[in-house]
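Numbering (this note's numbering), first residue to last: 97 to 177. Backbone N, C-alpha and C define an ideal beta-carbon position, used for all residues, glycine too. Beneath this line is the structure, given in structure tokens, with notes to follow.
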Amino acid sequence: MDDMIKKVEGKTGVKGSDIQKLVKSLNGTDLSNEKNIRRLVRQVSRMANKKVNKRTEDMIVETLTKNNKNIDASTISKMLK
97 MDDMIKKVEG
107 KTGVKGSDIQ
117 KLVKSLNGTD
127 LSNEKNIRRL
137 VRQVSRMANK
147 KVNKRTEDMI
157 VETLTKNNKN
167 IDASTISKML
177 K
């Protein structure tokens with residue numbers, strides 16, 4: 097887990113402690129709920145100091161709520177291009 101957090105820190109500039117707080121805050125959160133996903137996308141956007149436009153946010157929400165497939169880093173990366 098620490099290696100993964102270090103990689104995310106290096107790529108985003110977001111502190112590992114902030115990432116861990118975010119992950120802990122997700123415990124018990126229903127990530128099939130559109131409002132929760134939008135809140136998460138906005139939190140991550142603020143943490144990384146990157147704007148996520150409405151189209152991209154909608155695509156993330158749709159992918160996570162409507163598709164019954166596993167979402168991996170590659171899928172998310174493709175959405176952000």
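(1) Check for me: the alpha helix (DSSP H) holding G106 runs from which residue to which?
(2) If you draw a straight line from the alpha carbon of R72 to that of G112, how long is it in whole angstroms?
(3) Using alpha carbons as the reference points, say which of T125, A144, N132 lies closest to E158.
(4) Are E153 and V137 touching if we call contact CB-CB under 8 Å?
(5) Taking the alpha carbon of L160 as the reference point, which residue from N145, K150, L127, R151 has its own alpha carbon closest?
(6) Within a Cβ cutoff of 7 Å, which residues of the same chain sit near T108, ignoring the five residues on either side of it in sequence?
(7) If I measure Cβ to Cβ from I115 and keep anything under 7 Å in the same chain, skipping five residues before and after, which residues do I get?
According to the structure shown:
(1) 98-108
(2) In the structure displayed, the chain extends from 97 to 177; residue 72 sits before or after that span and is not available.
(3) N132
(4) yes
(5) L127
(6) A144
(7) I101, V104
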